[in-house]
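Each residue of the sequence shown is one higher than the last, beginning at 44 in the numbering used here.
Working notes, structure below.
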Amino acid sequence: MLISLAGTITRMLNEITEGSTRLLVAEKGTLGKTDKGREKKAPVFYNPRMKINRDVCCAFVRTLDDITFADTLAGSGAKGIRVAVEAGHKVHLNDGSMHAFDLIKKNAKLNKVKVDVSNEDANLFLVKNKFDFIDIDPFGTPVPFLDNAVMAAKKDGYLGVTATDTAPLCGVYPKACFRKYGAKPLHSEFCHEVGLRILLGYVARTAAKYKRGLKCLLSHSTEHYFRLYVSLSTGKQKADASLREIGYVYYCRKCLHREYKKGFLPEEGVCKCKNPFEVAGPLWLGKIKDDPVLKSVIKGSYYLKSPKTERLLNTILEEIDAPFYFDVHKICKNKKINSPPFDEIVEALLEEGYSVSRTHFCKTGIKTDAPLNELLPLLFA
Ligand SMILES: C[S@@+](CC[C@H](N)C(=O)[O-])C[C@H]1O[C@@H](n2cnc3c(N)ncnc32)[C@H](O)[C@@H]1O
Ligand SMILES: [Zn+2]
């Protein structure tokens, strides 16, 4: 379809359906190829791989009554328009790009929903408005928008935060992680959970500056991004209480043993095998989901008829909510043994009286309250 974007530019857009929402999107390659044969960048951002992020968001906000929802960095408007159509909330979509602004209005019209649309820098937009739910879905890190998002969230409000800068958070670029999040990451076999908890710790520390406490209702690590749903409370005590969930993880790269401890400051320490610990943090050591909330999100997700989304949410529901997962394959590789079938490990741990679950963080991972020195003999057996 040929239509005019931003009044002057004529672009080719495709109509797709996501959830129960129709969307005009400029997919990568829509504008043809560059001289070097690469697909030209779309004039307005839309990433089909983020569908599950938007699915979960719609299912989450369907559990909330009568809220105002801000899609602060809206791109094509995929998330905000879906929230208006599929959850029926009052939505404001904002994007700094003029082309995005124009496309969002077209997408609202296509779905016959009334939404507010603006074309401002996200921080300016947040300074001027207040909402019940603020979604931050940027390119890369959400850090530049978090202070204003906390201040723009109404009493008992919510934040939805996406971070696609998983490489710094997972310890591939430790200096970048320290610069942005003021935290030391850990490149290890459980780096995805460490990364998500560094992000969550950072959001809690940001909220605390404005005397706001935080509870994490749902979080996931999917493909190339982390996603958090947190509720905010108000008051010094609430802020102090959530800061008490912050601490550090202590890791021995030699024997793979790990420990964690809450506290403002990291401690020095040596592993039982005499190797000095590597320390990572500060990071969030509290809960990263709320099961009653998650159960109603799962109920709210059935209309999507998306087995992938349901599988993700159910895996999270069954997951033991305690740090940190063990990647059985990586541990076995490190110890130069073949990894036994998953069910055998689970059975053996249950027989020994430990709790055990799969984890959405890693296909070959488990969560258990058994320490590594109890788990290892079972892997060798
Ligand atoms: C990752 S995309 C958003 C995707 C969208 N939430 C979705 O679900 O499809 C990020 C968007 O942020 C916009 N953006 C980047 N920096 C901005 C800023 N400082 N203020 C406002 N918009 C900004 C870009 O134009 C882009 O459309
Ligand atoms: Zn050790």
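All C-beta atoms in this analysis are idealised placements derived from N, C-alpha and C, irrespective of residue type, glycine included.
In this structure, the alpha-carbon of R401 lies about 44 Å from that of K79.
Here R354 is exposed, its C-beta having fewer than 16 other C-beta atoms within 10 Å.
If the five residues before and after F404 are omitted, its C-beta is found closer than 7 Å to the C-beta atoms of H235, E236, S264, Y368, all from its own chain and listed in chain order. Its Cα nearest to that of A117, the residue Y89 stands out among Y89, F320, V99, P366. If only complete runs of 4 or more residues are kept, the stretch 360-386 shows the alpha helix (DSSP H) at 371-377, in order along the chain.
In this structure the stretch 225-245 touches the stretch 320-332; the number of beta carbon pairs closer than 8 Å is three or more.
P309 carries a coil assignment under DSSP once its states are collapsed to helix, strand and coil. Following the DSSP letters along the chain, one finds V237 inside the alpha helix (DSSP H) bounded by residues 234-252.
Put simply, of E232, H230, V156, V273 the residue whose alpha carbon is nearest the alpha carbon of A250 is V273. Classified as buried, S344 has 16 or more neighbouring CB atoms from the shown chains inside 10 Å of its CB. Residue pairing by DSSP puts P319 in a beta bridge opposite V313.
E311 is the residue among K315, C316, E311 whose C-alpha sits nearest the C-alpha of V322.
Around the beta-carbon of Y291, 16 or more other beta-carbon atoms lie within 10 Å, marking it buried. Of the heavy atoms belonging to ligand 2, none sits nearer than 6 Å to the Cβ of N377. The beta carbons of A165 and V158 sit about 17 Å from each other, so the pair does not count as a contact at 8 Å.
The straight-line gap separating the alpha-carbon atoms of E288 and L257 is approximately 10 Å.
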